[in-house]
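A.B. asks:
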Amino acid sequence: MARNAQPVRTGTIAGPVAAGTVFALILAALVAVAAKAELPVRFGPADWAALRFTVWQSFLSALFSVLFAIPVARALARRSFVGRRVLVTLLGAPFILPVIVAVMGLLVVFGGAGWVSQGLGLFGLPPLSIYGLEGVVLAHVFFNMPLATRLILQGWQAIPAEQFRLAGQLGLPPPAIFRTLEWPVLRQVGPGAFALIFVICLTSFAVALTLGGGPRATTIELAIYQAFRFEFDLGRAAVLSLVQLVVAGSAAVAALWILPPIAAQMGRGRPVRRWDAQGTGLRLLDATWIGLAAAFLLVPLGAIVGSGVPGLAQMPAQVWQAAWTSIWVATLCTVVLVALALPISIWLAQTRRGGAEALTLIGLAASPLMIGTGWFILINPFAAPADLALVVTALVNATMGLPFAVRILMPAMRQVMTDYGRLSAGLGLSGPALWRIVILPRVRTPLGFAAGLSAALSIGDLGVVTLFADNDRATLPLQMYRLMGSYRTEAAAGAALVLLTLALGMFWLCDAWGRRHAEG
Amino acid sequence: MRRTLIMAGIVLASQATAEIPELTVYAGDYFTSEWGPGPRIEAGFEEICGCDLQFSTGDLMPRLLLEGARTKADIVIGLTTDVTARARATGLFAPHGQNNADLTLPIAWNDDTFLPFNYGHTAFIYDETRIDTPPASFADLLDMDDDIKIVIQDPRTSISGLALVLWVQAVYGDEAGAAWAKLAPKILTVTKDWSASYGLFTDGEADMVLSYTTSPAYHMFAEEDFTIKAAIFPEGHYFMAETVAKVAQTDVPELADAFLDYVMSRDFQAMIPTANWSLPSALPRDQWPEGWAQLPLPDKVLFYSEAEAAQVQGEAIETWRATLSQ
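Residue numbers (our numbering), protein chains in the order written: chain H, -11 to 508; chain C, -16 to 309.
1. Spell out a yes or no on whether the segment 196 to 210 of chain H and the segment 110 to 125 of chain H are touching, meaning 3 or more CB-CB pairs, one atom from each, closer than 8 Å.
2. According to DSSP, which residues form a beta bridge with residue 136 (chain C)?
3. Where does residue 251 (chain C) sit, in a helix, a strand or coil, going by DSSP?
4. In terms of alpha-carbon separation, which member of C:2, C:25 and C:13 lies closest to residue 246 (chain C)?
5. Restricting to runs no shorter than 4 residues, where is the alpha helix (DSSP H) found entirely within the segment 164 to 222 of chain C?
6. By Cβ distance below 6 Å, which residues in the same chain neighbour residue 251 (chain H) in space, the five residues on each side in sequence not counted?
7. Spell out a yes or no on whether the segment 4 to 18 of chain H and the segment 324 to 337 of chain H are touching, meaning 3 or more CB-CB pairs, one atom from each, closer than 8 Å.
8. Assuming residue 62 (chain C) contacts residue 298 (chain C) under a Cβ cut-off of 8 Å, what Cβ separation, rounded to an integer in Å, is found between them?
9. Counting along the chain, where does the beta strand (DSSP E) carrying residue 60 (chain C) start and finish?
10. Within the 7 Å Cβ cut-off, does residue 73 (chain C) reach chain B?
11. Quick check: the Cα distance between residue 66 (chain H) and residue 490 (chain H), rounded to an integer number of angstroms?
12. From the DSSP output, which residues share a beta bridge with residue 9 (chain C)?
13. Between residue 223 (chain H) and residue 478 (chain H), which are expected to be in contact by the criterion C-beta below 8 Å, what is the C-beta distance as a whole number of angstroms?
14. Got a sec? Which residues, its chain only, sit under 8 Å from residue 37 (chain H) by beta carbon, not counting five neighbours each side?
15. Need the endpoints of the beta strand (DSSP E) that residue 469 (chain H) sits in, please.
16. Applying the 10 Å Cβ sphere with the 16-neighbour rule, what's the burial state of residue 3 (chain C)?
17. Suppose the cutoff is 6 Å on Cβ atoms and the five residues either side in sequence are ignored; what does the same chain contact list for residue 133 (chain C) look like?
18. Within a Cβ cutoff of 6 Å, which residues of the same chain sit near residue 83 (chain H), ignoring the five residues on either side of it in sequence?
19. Among the residues of its own chain, which have a CB less than 7 Å from the CB of residue 145 (chain C), if the five just before and after it don't count?
20. Assuming the contact rule is C-beta atoms closer than 8 Å, residue 120 (chain C) and residue 175 (chain C) should be a hit. Round their C-beta distance to whole Å, please.
21. By DSSP, does residue 287 (chain C) sit in helix, in strand, or in coil?
22. Do three or more CB pairs link the segment 140 to 150 of chain H to the segment 168 to 182 of chain H at distances below 8 Å?
23. Comparing the C-beta of residue 472 (chain H) with each C-beta of chain C, is any distance below 7 Å?
24. Identify each residue in the segment 362 to 373 of chain H for which the Cβ-Cβ distance to at least one residue of chain C is less than 9 Å, and report them in chain order.
25. Cβ of residue 212 (chain C) less than 7 Å from any chain H Cβ?
26. Quick check on residue 225 (chain C): does DSSP put it in helix, strand or coil?
27. Anything in chain C within Cβ reach of residue 339 (chain H), meaning under 8 Å, just list it in chain order.
28. With a cut-off of 7 Å, does the C-beta of residue 38 (chain H) fall near any C-beta of chain C?
29. State the Cα-Cα distance for the pair residue 448 (chain H) and residue 357 (chain H), rounded to the nearest angstrom.
30. Please confirm whether residue 129 (chain H) and residue 52 (chain H) have their CB atoms less than 7 Å apart.
31. Quick one: measure Cβ to Cβ for residue 147 (chain C) and residue 193 (chain C), integer angstroms, because I've assumed they're closer than 8 Å.
32. Classify residue 116 (chain C) as helix, strand or coil using the three-state DSSP reduction.
33. How about residue 101 (chain H): is its C-beta nearer than 7 Å to some C-beta of chain C?
34. Which value, in whole angstroms, describes the spacing of the CA atoms of residue 310 (chain C) and residue 92 (chain C)?
35. Quick check: is the beta carbon of residue 120 (chain C) nearer than 7 Å to any beta carbon in chain H?
36. Ignore the nearest five residues each way along the sequence and tell me which others in residue 233 (chain C)'s own chain have a CB closer than 6 Å to its CB.
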């Protein structure tokens, strides 16, 4: 075979088209909103304060999520134990919870009347007060630390087993292994995870407000919500949405700039045996971190399950109908997501800059309310927006899931193209055959993970459906809010449990599909 | 010949369905859930109208403003008193044609476009097993120990939160800032909406919650829990109502008028307390359902008219935000 044969290229058209479609979806919404704006647009001192708080809390939340995730991911990467896979799946649960459910779960544990406070009371200590910046960051770490853990873990697991074996033969101590093997990967994955979480936290508002203890904790997203739903000041909403996009865009560009170009690693895919972490001290250390993370994430989840069980019997039939609606919205969302994410990630995987995928963060930074309202304005002259509510919801959810999916898929795509690009070119494989024979079987694991994550996110998302949902088109989160709004707190807790189960179930289904045949 | 018959059959069949007129009612989001008033209103009205009532739920104001003249609504139900000014400005609505004198509200109602179908007042709710000496007045509330934990809603994102800000404004006027400063240390947190606040209260995270004077009724009649009380203040409580209005360009004006008649009927009004957990707008207190007449309600009621509210609202919210941000 010719030594200088060009590796095969694919997705060079579909990728830009898919990415362009996403940008167009968001841009069209923004333009539609802005076109209805009335001038002048107000952006006062309170808005600047909101902007400062938004950026600061996002920064801290992202920082602590990643810092906490590093030792946890390291421990998980070094250890194999019974139930590890279940634990890794469950650790992802907070991320996909509807925010209000998660907040209730957190408060059962960390609230003023929560378990920790009660425990402190036994020793005559004052109860915990989490309302303030610390509460906001705590909640955001609860949501996003598992994501950071998964991303870092994925990076470290991609280090070929041979390198660890070699390091073991050379007798390298753990600090040296960290420096030579783990740190280069962390340097690639860490900033991206940070940027992703930073952008997620930018658009937070119900959590920030509730746990922030008052209007000090006003975020830009709250101002957007206020502008859309209360003042109906579309100009202000458009400007605020734009501010949010610019902040997120800057974060994306910064990440792009920090991230070093990725050098793909060649491994044999054997299970990693870690020769470097056999000492009792290290075992204890890893066990502590895993235990700490598991307790921090699973105890509030347990609280949600505990309060949900009695409510199950009180749930009206509409909850089940809504559950069915949510399942198909999530399915549609996942199909759209996969159709977008595959071409975009293979396209980006063939670019040289490692952080190109950071640009997809825009999809996450756009306020769902802005996209929903924009599309309402666009659809309204031609059709009843309510008829398309669920389709728009699925599309918006897919756009929001895209940054995760691309980030998850890219390393595997890069690997495939490095490993098999030339061979495929030599064999004349291209188009559908290339995808079927070469690419898809090798990205199956991350594809399953990405699909599962977006399905679960979509199930838990209240999103744009509130703007124009008919009764028979209500999703499960919406139905849960309705129960809460009619004093049916217990039934709402039951619905939350159904939601949690469905989200985890759909996640597990996709994730398990991805893992089947994939790990030898 | 056969084909003509089939065609005729199709034409007749489509005429038959067209003969049942349809009344499209836009309603607030909670309205049509099984535990909301929607299903009972639909059944009650369809019994007398010979029509098909179709609810369409969602965020009312954004939806109406976005749809504008293209709206399919014949009737809009659930517009709260704080958005009537904006709704009126759309020019979409026609006079309701009902006699405002038939209303039994605690305030005089002169609006000929928006007709209240229920009402309530803001109130701080507490659990008497957790609070020994509840505040007997607003002044008492401000003077309570700072250990007490109150949870309220954000006036920028919630109707009840806005009503609270107007309530404080109505009671304290220029002293509103000072009142908020006294209240601030007791405010555990501020939530986006009523549901989240009430959840914090029922979970025991907060001692008091900003809600409505009718909240105890739910616990009494649906849960047989008599420990949840509303603190009644002599300074007065802020009035809130939900209204119904007729869309001017409706293609079924007679049906829309019949619906407004139905809203004022005894059948509709008597259903409001337990289906909506609020007070009926046109039913004398002695005709309220069993037990409801005994519900403690304020003697004095505070309310800003549309014009007054528009004048004070912006500054009242800013006072709230600035004081609570310190």
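We put the CB at the ideal spot given by N, CA and C, even for glycine.
C.D. replies: In brief:
1. yes
2. Numbered from 1 along the second sequence, position 153 holds the residue referred to as residue 136 (chain C). Residue 136 (chain C) is bridged to C:174.
3. The count along the second sequence starts at 1 and reaches residue 251 (chain C) at position 268. Helix at residue 251 (chain C).
4. For the purposes of this step, residue 246 (chain C) is taken as the residue at position 263 of the second sequence. The shortest C-alpha separation from residue 246 (chain C) is found at C:25.
5. 177 to 185 and 198 to 206
6. For the purposes of this step, residue 251 (chain H) is taken as the residue at position 263 of the first sequence. Here residue 251 (chain H) scores only 47 on pLDDT, less than 50, and its place in the model should not be relied on; the value that follows carries that caveat. No residues qualify anywhere along the chain.
7. yes
8. Along the second sequence, read from residue 1 onward, the residue named residue 62 (chain C) stands at position 79. Along the second sequence, read from residue 1 onward, the residue named residue 298 (chain C) stands at position 315. Actually they are not in contact, since the Cβ atoms of residue 62 (chain C) and residue 298 (chain C) sit about 24 Å apart, beyond 8 Å.
9. For the purposes of this step, residue 60 (chain C) is taken as residue 77 along the second sequence, with counting starting at 1. Run containing residue 60 (chain C): 58 to 63, per the beta strand (DSSP E) assignment.
10. The structure shown contains no chain B; its protein chains are H and C.
11. Residue numbering aside, residue 66 (chain H) sits at position 78 when the first sequence is read from its first letter. Residue numbering aside, residue 490 (chain H) sits at position 502 when the first sequence is read from its first letter. Distance between the alpha carbons of residue 66 (chain H) and residue 490 (chain H) is about 31 Å.
12. Here residue 9 (chain C) refers to the residue found at position 26 when the second sequence is read from its first residue. Residue 9 (chain C) pairs with C:39 and C:59.
13. What you label residue 223 (chain H) is simply residue 235 of the first sequence in a count that begins at 1. What you label residue 478 (chain H) is simply residue 490 of the first sequence in a count that begins at 1. Residue 223 (chain H) to residue 478 (chain H), Cβ: 43 Å. No contact.
14. Here residue 37 (chain H) is taken as the residue at index 49 of the first sequence, counted from 1. 206, listed in sequence order.
15. Indexing the first sequence from 1 puts residue 469 (chain H) at position 481. Where residue 469 (chain H) is concerned, there is no enclosing beta strand (DSSP E), although the alpha helix (DSSP H) it sits in stretches over 464 to 473.
16. Residue 3 (chain C) sits at position 20 when you count from the first residue of the second sequence. Per the 10 Å Cβ criterion, exposed.
17. To locate residue 133 (chain C), count along the second sequence from 1; it is residue 150. Counting only Cβ-Cβ distances below 6 Å, and skipping sequence neighbours, we find 169, 170 and 191.
18. By 1-based counting over the first sequence, the position of residue 83 (chain H) is 95. So the list reads 131, 134 and 135, once near-sequence residues are dropped.
19. In the second sequence, residue 145 (chain C) corresponds to position 162, counting from 1. Closer than 7 Å at the Cβ level, and outside the excluded window around residue 145 (chain C), lie 65 and 138.
20. Walking along the second sequence from the start, residue 120 (chain C) turns up at place 137. Walking along the second sequence from the start, residue 175 (chain C) turns up at place 192. 29 Å between Cβ atoms; not a contact.
21. Along the second sequence, read from residue 1 onward, the residue named residue 287 (chain C) stands at position 304. Coil, per DSSP.
22. yes
23. Position 484 of the first sequence, counted from the start, is the residue given in the question as residue 472 (chain H). Closer than 7 Å to some Cβ of chain C, the Cβ of residue 472 (chain H) qualifies, so yes.
24. 364, 365, 368, 369, 372 and 373
25. Taking the first residue of the second sequence as position 1, residue 212 (chain C) is located at position 229. Taking Cβ atoms only, chain H never reaches closer than 7 Å to residue 212 (chain C), which makes this a no.
26. Position 242 of the second sequence, counted from the first residue, corresponds to residue 225 (chain C). The answer is strand: DSSP assigns residue 225 (chain C) an E or B state.
27. Taking the first residue of the first sequence as position 1, residue 339 (chain H) is located at position 351. The contacting residues do not exist; residue 339 (chain H) stays about 40 Å from chain C at best.
28. Counted from its first residue, the first sequence places residue 38 (chain H) at position 50. Residue 38 (chain H) does not count as touching chain C.
29. As a first step, residue 448 (chain H) must be located in the first sequence, where it is residue number 460. As a first step, residue 357 (chain H) must be located in the first sequence, where it is residue number 369. If you take the alpha carbons of residue 448 (chain H) and residue 357 (chain H), they lie about 16 Å apart.
30. Residue mapping note: residue 129 (chain H) aligns to position 141 of the first sequence, counting from 1. Residue mapping note: residue 52 (chain H) aligns to position 64 of the first sequence, counting from 1. It is a contact, given that the beta carbons lie within the stated cut-off.
31. Position 164 of the second sequence, counted from the start, is the residue given in the question as residue 147 (chain C). Position 210 of the second sequence, counted from the start, is the residue given in the question as residue 193 (chain C). So it is a contact: roughly 5 Å between Cβ atoms.
32. Residue numbering aside, residue 116 (chain C) sits at position 133 when the second sequence is read from its first letter. It is coil, neither helix nor strand.
33. Position 113 of the first sequence, counted from the first residue, corresponds to residue 101 (chain H). Yes, its Cβ sits closer than 7 Å to a Cβ of chain C.
34. Residue coverage of chain C in this structure runs from -16 to 309, which leaves residue 310 (chain C) outside it and unanswerable.
35. Translated into the one-based positions of the second sequence, residue 120 (chain C) becomes position 137. Chain H, which has no Cβ nearer than 7 Å to the Cβ of residue 120 (chain C), makes this no.
36. Here the question's residue 233 (chain C) lines up with position 250 in the second sequence. Excluding residues within five positions, the ones whose Cβ falls inside 6 Å are 57 and 239.
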